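Every letter in the sequence shown is one number past the one before it in UniProt numbering, and letter 121, counting from 1, is 121.
We put the CB at the ideal spot given by N, CA and C, even for glycine.
These numbers come from a predicted model, not from an experiment.
Only one structure is covered here, and it is reproduced in the block below.
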Amino acid sequence: MGVCWSCCGRLHDNDDSESQAPLLSDDERQAVDNLLRFLDTRDESDVFNDVSLDALDTLVHSDLIDLQRSAALAFAEMTEKFISKVDRRALELILMLLQSPDSEVQRAAGAALGNLAVNNDNKRLIVEMGGLGPLMKQMMSPNVEVQCNAVGCMTNLASFEENKAKIARSGALIPLVKLANSKDLRVQRNATGALLNMTHSDENRQELVNADALPVLVSLLSSSDPDVQYYCATALSNIAVDPANRAQLAQTEPQLVQHLVHLMSLSSPRIQSQAALVLRNLASDSYYQLETVRCNGLPFLLKLMQSSHTALVVASVACVRNLSILPENEGPIVDAKFLPVLVNLLDKTNNEEILCHAVSSLRNLCASSERTKLTVVDMGAVQKFFELLKRVPASVESEISACIAVLALGDEVKSSLLEMGIVPVLLPLTRVLNAGVQGSCAAALGNLCSKVTDYTPFLEAWDEPDGGFHAFLVQFLDSEVPTFEHIAAWTVIQLLESEDSRVVKNIMNSRDIIESIRRLAESGDLGADEGNDLSSSSDVAVPALSKRALALIDNMESKMLA
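This is the structure in structure tokens:
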């Protein structure tokens, strides 16, 4: 974030120097001459050499406040474009000036220290040398210019990871929170920027909450200044990562969502995207999932999702993904016309993050109702999935396979999926390295086997490609992964119960399938739950399902013998 500095003036020669001469010692006079000569001829790459530091040392230790001011102004001017590492001597002199009782010296020294605090090595050294104490004191100065520079320096120091915990423990958060409400916009910007920089770790976020930062950050979302709005929204987005903080915000800040919805209505893309990201993180909880819909956030999210700004699309579709987790939101989201926009994103972008969130949103919405499953299939989403699976990275592949598994649960869409040729698309994915993709595709195949009237697609893919459906069943039955074994055993049961003689014959002719089923049936005690579909996973009763499948096989064999 940018830092606002107070004007600190410049060091010049003085036409009245003769009248002041008796006040200077010979050393001080020589130091002034040397410093002025150095400033006129200095090399920007060698600002702090022995000549300049010797001269500044003399002025800093002078009893004359004018010489101290000159030293402070010189430091401010010399550091204006200087972003390199400095040694301890230069910082010691500036820190001494920062502790001067004179506000002009404090102001210029604060600007110099803040300039140096752009460099990470300097950030570390300033804190190591005890710079936080004098900075905190100047932050509470009655002089707004001194405040501005001190807070600006603290903002830069807080951008360095190693400093954050030290700043939090120093007690600096309380004055920073207070100054965030400053009437001076420069101070307010610097203070809110510093608070933002402190929100990147769990410990420091908790320290901010303890310092009563939440109500200040929320109230400043209504600021007229875009920078302050942005800093506060971003800080709240980070703070809302923590469940305890979300709970506290829900209890103490009832207007938060309304503020964020208003920010999404503004014209600044960076503020709009941050507002959507705050809502995304808040919507990890059901309270905020409902509250965002209640506060009319959906129309603004829908508009942002159709923006030409990638950041806005990412933020808004990520928020919708979380909102769609709650079944109660399925109706409002669908009624707000999100489905065509989500489906449209599938072939309008190559952005991995957008695709992941769009597909996940569709999956969540489809899980809530048969109506939505039908609508998504009718909109052509599945064909777009097929095309995406040819080129997308594993993360998107995982989301697509999970969404297809949910669609395959819908009795009213199974026939359409099979007619689209989904079986040969899914079979190769049961052999990829990604276990999540394997499991989702296998679950989809298993669900598609249940309660359909035509098993021709499974028969056509029984042996091809690459061993086909038969190889998939054997692979999963022998996987030694309980979830995979469960899927395969359940799928065998659906095929045996299909009453399609061709399917039953294929299974009965497979020694590998029958032997694997028998082995699994004998592998343990019966479980409590055989499962009704494959939407649940992990803690499953493989032996129980296998015994059920084996009983069907034995019964079929008895009939064949008879």
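By alpha-carbon distance to residue 269, the top candidate from 239, 242, 256, 301 is 301.
The beta carbon of residue 250 sits closer than 6 Å to those of 287, all from its chain and outside the five residues before and after it, given in chain order.
In this model, residue 26 and residue 187 are separated by some 41 Å (Cα to Cα).
Distance from the Cα of residue 516 is smallest, within the candidate group 452, 104, 492, 428, for 492. Collapsing the DSSP output to three states places residue 160 in coil.
The distance from the Cβ of residue 322 to that of residue 283 is about 4 Å, consistent with a contact at the 8 Å cut-off.
Residue 99 sits exposed, since fewer than 16 C-beta atoms from the chains shown fall within 10 Å of its C-beta.
The beta carbon of residue 352 sits closer than 8 Å to the beta carbons of 392, 393, 395, 396 from its chain, once the five residues preceding and following it are set aside; these are given in chain order.
Of the candidates 216, 151, 156, 462, 216 places its Cα closest to the Cα of residue 232. Distance from the CA of residue 422 to the CA of residue 444, rounded to the nearest whole angstrom, comes to 10 Å. When only Cα atoms are considered, residue 158 and residue 95 end up about 18 Å apart. A distance below 8 Å separates the beta carbons of residue 417 and residue 448. DSSP, read as helix, strand or coil, puts residue 200 in coil. Residue 71 and residue 57 have their alpha carbons spaced roughly 8 Å apart. Nearest C-alpha to residue 64 among 383, 253, 28, 36: 28.
Counting along the chain, the unbroken alpha helix (DSSP H) around residue 501 starts and ends at 501-508. Judged by beta-carbon spacing, residue 496 lies within the 8 Å limit of residue 552, meaning their Cβ atoms are closer than that value. For secondary structure counted as the alpha helix (DSSP H) over 4 or more consecutive residues, the segment 42-128 holds these complete runs in sequence order: 50-60, 65-78, 88-98, 103-116, 120-128.
Taking all protein chains shown into account, residue 227 has 16 or more neighbouring C-beta atoms within 10 Å of its C-beta and is therefore buried. Per DSSP, the continuous alpha helix (DSSP H) segment holding residue 234 begins and ends at 226-239. If you draw a straight line from the Cα of residue 253 to the Cα of residue 221, it is about 12 Å long. Sequence-distant Cβ neighbours of residue 235 in its own chain, meaning closer than 6 Å and more than five residues away, are 195, 196, 199, 217. Straight-line spacing of the CA atoms in residue 342 and residue 312 works out to 14 Å. In the same chain as residue 182, and ignoring 5 residues on each side of it, the C-beta atoms closer than 6 Å to its own belong to 188, in chain order. In the three-state reduction of the DSSP assignment, residue 384 falls in the helix class. C-alpha of residue 314 to C-alpha of residue 306: approximately 10 Å in a straight line. The UniProt repeat "ARM" (337-380) contains no complete beta strand (DSSP E) run of 3 or more residues.
Under the criterion of beta carbons closer than 8 Å, residue 432 and residue 389 do not qualify as touching, at roughly 10 Å. Judged by beta-carbon spacing, residue 155 lies beyond the 8 Å limit of residue 130, meaning their Cβ atoms are not closer than that value. Remark: C-beta atoms of residue 376 and residue 362 approach each other more closely than 8 Å. Counting C-beta pairs with one atom in each stretch, the segment 290-301 and the segment 320-334 have three or more that are closer than 8 Å, which means they touch.
For the pair residue 120 and residue 160, the CB atoms are nearer than the 8 Å cut-off. Residue 135 and residue 151 have their C-alpha atoms spaced approximately 8 Å apart.
Judged by their CB atoms, residue 331 and residue 370 are not nearer to each other than the 8 Å cut-off. It is roughly 17 Å from the alpha-carbon of residue 457 to the alpha-carbon of residue 407.
DSSP places residue 303 in the uninterrupted alpha helix (DSSP H) bounded by 298-305.
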